[in-house]
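Participant: Quick one: the structure is below, questions incoming.
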Ligand SMILES: [Zn+2]
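Residue numbers (the numbering used here): 960 to 1330.
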């Protein structure tokens, strides 16, 4: 993999290549932009370019084949350090990260409670006190930098203030505003953009061997994120999909406990998880719609074909379209900054039908309350 093979991100590539070619690389870089658009992959390529022994390294293009490039790719280069949120399965998380870096785009799944701890920052500080061991330039790549605890961020800030020799830092985040302002202000920002859905579709087909129809549907719903599209296309979001199905079922029951269940879901999930769940709910209802108009069709949720046919049986096409609109509206609201409990309550009120549903949800907020 080389910079030229990275999908999109022309601006970031240009900025970094220029820095390398002019020998002005130093300090701290903040790679910011949506999740799943190539920030971590670019950080890895950047680290490779800075240490590559290949012919085009001076222009900022790593060869990908020299011992240094290979070590960085496989995660065993002694001068490239990672700092990332550590979950209970800490070791597995590192393996995932490196595996994902190898493939490029498919982001590792971090535990929702995972954070970057002060211990992690302290360990790192000891490790990098000296000159790089073998490389020209040491790179510290901090993934999901916004997950640093306040203590960790303050310790990290101290490290930035006394930079060790020949060391750069790359912080990646989808939420730069969640970083300490004092950390942010020391960084050189490198912006990453959403990808065109055609580029995502081609990548899913060409690189990951995904069926064209599923690739197209997933790319269309991924909001410019290849990582998200890949999750949608490969069904690797089983937990979230189950949540989406549970929510549908809950909404259908019209029970008194529904509001409580919704609040519980909102409390236990973070914004990203709710977003993914809603995206999956969209794929489910897209399939309901497809099945309503055609008996056989390519489905995103192929395994749910029978259930989804049944789901659509008593609904008119118009009702299905209205439901899809309601999910889409809710998704947009969640991508903004609305209260998750309110957003889900609104959605369930729209999904609920049948006995008791209207009564239970008489007090539920309307769309204006969540937008
Ligand atoms: Zn190389």
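C-beta: ideal position from N, C-alpha, C; glycine also.
Just so it is clear, the structure is predicted and the values come from calculations on it, not from any experiment.
(1) I need the DSSP call for residue 1051, collapsed to helix, strand or coil.
(2) Following the continuous beta strand (DSSP E) through residue 986, name the residue where it begins and the one where it ends.
(3) Thinking C-alpha only, which one of 1287, 1093 and 1253 is nearest residue 1272?
(4) Can you list, in chain order, the residues of its chain whose CB lies under 6 Å from that of residue 1238, leaving out five sequence neighbours each side?
(5) Starting from residue 1040 and walking both ways along the beta strand (DSSP E), at which residues does that stretch end?
(6) Should the stretch 1106-1120 be called in touch with the stretch 1142-1154, which here means at least 3 C-beta pairs below 8 Å?
(7) Helix, strand or coil: which one does DSSP assign to residue 1193?
(8) Quick test of the definition: if touching needs 3 or more C-beta pairs under 8 Å, does the stretch 1099-1109 touch the stretch 1016-1027?
(9) If you draw a straight line from the alpha carbon of residue 984 to that of residue 1127, how long is it in whole angstroms?
(10) Mind reading off the beta-carbon distance from residue 1191 to residue 967? Whole number of angstroms is fine, and I expect it under 8 Å.
(11) Taking the C-alpha atoms as reference points, what is the distance between residue 1148 and residue 963?
(12) From residue 1037 to residue 999, what distance separates their C-alpha atoms?
(13) Which same chain residues, not among the five before or five after residue 1175, have their C-beta less than 6 Å away from its C-beta?
(14) Would you call the CB atoms of residue 1283 and residue 1267 closer than 8 Å?
(15) Starting from residue 1126, trace the beta strand (DSSP E) both ways and give me its first and last residue.
(16) Does at least one heavy atom of ligand 1 sit under 7 Å from the Cβ of residue 1181?
(17) At what residues does the alpha helix (DSSP H) containing residue 1026 begin and finish?
(18) Does the beta-carbon distance from residue 951 to residue 1193 come in below 8 Å?
(19) So, is residue 1093 buried or exposed, given that buried needs 16 or more other C-beta atoms within 10 angstroms?
(20) Counting C-beta neighbours from all protein chains within 10 Å, is the total for residue 1136 16 or more, i.e. buried, or is it exposed?
(21) What separation, rounded to the nearest whole angstrom, lies between the Cα atoms of residue 981 and residue 1222?
(22) Express the C-alpha separation of residue 1225 and residue 1173 in angstroms, rounding to a whole number.
(23) What first and last residue would you give for the beta strand (DSSP E) that runs through residue 973?
(24) Using the C-alpha atoms, what's the distance from residue 1198 back to residue 1257?
(25) Here's a check: name, in chain order, each residue in its chain whose Cβ is nearer than 8 Å to the Cβ of residue 1086, leaving out the five neighbours to either side.
(26) Starting from the Cα of residue 1102, find the closest Cα among 994, 1251 and 1288 and give me that residue.
(27) Can you list the residues near ligand 1, meaning Cβ strictly closer than 7 Å to any non-hydrogen atom, in the order they appear in the chain?
(28) Using only the alpha-carbon positions, how far apart do residue 1218 and residue 1170 sit?
(29) To the nearest angstrom, how far is it from the Cα of residue 1220 to the Cα of residue 1079?
(30) Going by the CB atoms, is the gap between residue 1263 and residue 1246 shorter than 8 Å?
(31) Use the C-beta contact count for residue 975: other C-beta atoms within 10 angstroms, 16 or more gives buried, fewer gives exposed.
(32) Compute the distance between the beta-carbons of residue 1114 and residue 1164, then report whether it is under 8 Å.
Facilitator: Short version:
(1) Confidence is the limiting factor: at residue 1051 the pLDDT is only 48, short of 50, which leaves the residue's position unreliable, though a coordinate-based value still follows. Helix at residue 1051.
(2) Following the DSSP letters along the chain, one finds residue 986 inside the beta strand (DSSP E) bounded by residues 986-991.
(3) In terms of CA proximity to residue 1272, 1253 leads the group 1287, 1093 and 1253.
(4) Result list for residue 1238: 1180, in chain order.
(5) Counting along the chain, the beta strand (DSSP E) containing residue 1040 begins and ends at 1039-1042.
(6) Yes, since at least three Cβ pairs between the stretch 1106-1120 and the stretch 1142-1154 fall closer than 8 Å, the two stretches touch.
(7) Three-state DSSP puts residue 1193 in a helix.
(8) In this structure the stretch 1099-1109 does not lie against the stretch 1016-1027, because fewer than three pairs of beta carbons, one per stretch, are closer than 8 Å.
(9) Taking C-alpha positions only, residue 984 is separated from residue 1127 by approximately 8 Å.
(10) Wrong, their Cβ atoms sit about 18 Å apart, outside the cutoff.
(11) Residue 1148 and residue 963 have their C-alpha atoms roughly 21 Å apart.
(12) Rounded to the nearest whole angstrom, the C-alpha separation of residue 1037 and residue 999 is 18 Å.
(13) Correct list, in chain order: 1160.
(14) Cβ atoms of residue 1283 and residue 1267: not closer than 8 Å.
(15) 1126-1132 is the span of the beta strand (DSSP E), which, as asked, contains residue 1126.
(16) No; taking the cut-off as 7 Å, the Cβ of residue 1181 has no heavy atom of ligand 1 nearer than that.
(17) For residue 1026, the enclosing alpha helix (DSSP H) starts and ends at 1026-1033.
(18) Any answer about residue 951 is impossible in this case: the structure gives the chain only from 960 up to 1330.
(19) Result: exposed.
(20) Residue 1136 is exposed by the Cβ-count criterion.
(21) A direct Cα-to-Cα measurement between residue 981 and residue 1222 gives close to 54 Å.
(22) Roughly 29 Å between the two C-alpha positions.
(23) That residue, residue 973, is in no beta strand (DSSP E); its alpha helix (DSSP H) goes 969-980.
(24) Approximately 22 Å between the Cα atoms of the pair.
(25) Here the set comprises 1040.
(26) Measuring from the Cα of residue 1102, the nearest candidate turns out to be 994.
(27) Spelled out in chain order, the answer is 1007, 1011, 1012, 1013, 1016, 1021, 1022, 1023, 1024, 1025, 1027 and 1028.
(28) Cα to Cα, residue 1218 sits roughly 39 Å from residue 1170.
(29) A direct Cα-Cα distance of roughly 36 Å separates residue 1220 from residue 1079.
(30) Result yes, Cβ atoms of residue 1246 and residue 1263 sit closer than 8 Å.
(31) Classification for residue 975: buried.
(32) Result no, Cβ atoms of residue 1114 and residue 1164 do not sit closer than 8 Å.
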